[in-house]
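Participant: What follows is a structure written as structure tokens; I'll ask about it next.
There are 2 protein chains.
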Amino acid sequence: MRRDIFQAIADPTRRAILSLVALQAMTPNAVAEHFNSSRQAVSKHIRILCECQLLEQRQQGREIYYYFNPKKMKEVDKWLDQFRRLWESRYNQLDIVLRQIKKQSS
Amino acid sequence: MRRDIFQAIADPTRRAILSLVALQAMTPNAVAEHFNSSRQAVSKHIRILCECQLLEQRQQGREIYYYFNPKKMKEVDKWLDQFRRLWESRYNQLDIVLRQIKKQSS
DNA sequence: TATATTTGCAACCATACAGTTGCATTTAAA
DNA sequence: TTTAAATGCAACTGTATGGTTGCAAATATA
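Keeping their order, the protein sequence lines are chains A and B.
Heads up: the first sequence begins at 65 in the numbering used here, then just goes up one per residue.
Heads up: the second sequence begins at 65 in the numbering used here, then just goes up one per residue.
See below:
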């Protein structure tokens, strides 16, 4: 069972859950109300998000509130760093190639 | 068949391929030499990366060079925007809660 | 022209994944 | 204390995924 942030955010439902909980901490039932799938399906997604620490929980009586953990999400941002200079520069490798192709065909 | 950037970068081999090709455009054979799995397995990964436009190809004789497309990767960065303010602020929701818990237990 | 190289596609396989239903546990409310 | 609510866990199911091997097509080389 792979369980890392990249695998976690691959699923569109999980991404939606993250967006939701990032706005406000919520119980699983409250989260599930926003989706068409069953409570258990949502609960499974939440569990996966907890396992990779994108969510953290806090019990409050019989309710459990789930909180978004932005520090974990920052790891994705960190991974993107290696590509950042490429999309920030106006002239990246691909641009140069596409320009060459255009030149050749014209 | 889902085919989006998030699903594409979920696989560790595909992330490695992206890091590799981002440094220098390469043929599938050249990419495959960096991995233990078969050429076809790597080729399949490359195909998936092409389908979501993270890679683009250019035929050169019987060889095909694959190029990294940084603009597409930027979409992940864009998605992260909604969370950025949360990890940049020193006092996010989770921090506040954890602080409360500490206070209660001490 | 015959042969080797580079590549993509199809078929197949074991496993992972997302979903469902059912059940057990804990806590709050009647 | 009985009942309802909130939640997690287990079992099952269909499909997606990542891997393999084999084969065909296109291009370069002998």
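We put the beta carbon where it would ideally sit given N, CA and C, even for glycine.
Everything numeric in this text was worked out from a predicted model, so none of it was measured.
With a threshold of 8 Å, are at least 3 pairs of Cβ atoms found where one atom belongs to the region 103–117 of chain B and the other to the region 72–85 of chain B?
Facilitator: yes
Participant: Would you kindly report the start and end of the unbroken alpha helix (DSSP H) that includes Glu120(B)?
Facilitator: From DSSP, Glu120(B) is part of no alpha helix (DSSP H) but of the beta strand (DSSP E) over Leu119 to Gln124.
Participant: Taking the alpha-carbon positions, what's the Ile81(A) to Tyr130(A) distance?
Facilitator: Take the alpha-carbon of Ile81(A) and the one of Tyr130(A): they are about 10 Å apart.
Participant: Taking the beta carbon of Ala89(A) as the centre, do at least 16 other beta carbons fall within 10 Å, making it buried, or is it exposed?
Facilitator: buried
Participant: Express the C-alpha separation of Ala105(A) and Ser83(B) in angstroms, rounding to a whole number.
Facilitator: 34 Å
Participant: How is the alpha helix (DSSP H) around Phe70(A) delimited, first residue to last?
Facilitator: Start and end: Ile69 to Ala72.
Participant: Given that Val140(A) touches chain B, what residues does it touch there, using C-beta distances under 8 Å?
Facilitator: Val140 and Leu144
Participant: Please say whether Phe132(B) and Ala86(A) have beta carbons closer to each other than 9 Å?
Facilitator: no
Participant: Hey, could you find the ends of the beta strand (DSSP E) Phe147(A) is sitting in?
Facilitator: Looking at the DSSP string, Phe147(A) is not in any beta strand (DSSP E); the run it does join, the alpha helix (DSSP H), is Pro134 to Glu152.
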